[in-house]
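Quick note: the working numbering has the sequence shown finishing at residue 523, numbered continuously throughout. Below: one structure, written as structure tokens.
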Amino acid sequence: MTAVLAGLFVFAMRVTDMSLDTLRMLFVMRGQRLLAGALGGVQAAVFLLAVGTALRGPLNVWTVTGYAAVLGSASC
448 MTAVLAGLFV FAMRVTDMSL DTLRMLFVMR GQRLLAGALG GVQAAVFLLA
498 VGTALRGPLN VWTVTGYAAV LGSASC
């Protein structure tokens with residue numbers, strides 16, 4: 448996988464992770480704990496996939512930027 452594609456993959460996985468986190472919190476607030484728990488498991492798998500890709504091998508600017516771009520946009 449090229450460095451740019453790896454960065455885009457990490458970015459897409461982090462966007463998915465943050466979206467699943469929002470859905471999970473909505474389900475918790477609505478009292479649907481079983482569905483929230485299942486969604487939390489999927490979210491954890493997506494998060495581990497993103498972090499594992501970002502940290503695999505020597506760090507490059509694209510994977511770090513892909514990971515950090517989601518963190519910067521979530522605080523807006």
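We treat Cβ as the ideally placed atom computed from N, Cα and C, and that holds for glycine. This structure is a prediction, so every number in the text was calculated from the model and none was measured.
Check                                                                                                                                             : Outcome
In this structure, does DSSP put L473 in helix, strand or coil?                                                                                   : helix
Look at the alpha carbon of V508 and the alpha carbon of L518, and state the distance between them as a whole number of angstroms.                : 15 Å
Taking Cβ positions, are F456 and T500 nearer each other than 8 Å?                                                                                : yes
Does the beta-carbon distance from L482 to F474 come in below 8 Å?                                                                                : yes
In chain order, what residues of the same chain lie with their CB nearer than 6 Å to the CB of A515, ignoring the 5 residues before and after it? : none
Suppose you measure from the CA of T449 to the CA of V462; what does that come to, to the nearest Å?                                              : 20 Å
What is the C-beta distance between M460 and A497, in whole angstroms, given that I count them as a contact (C-beta under 8 Å)?                   : 4 Å
Residues in its own chain within less than 7 Å of R480 by CB, not counting five upstream and five downstream?                                     : none
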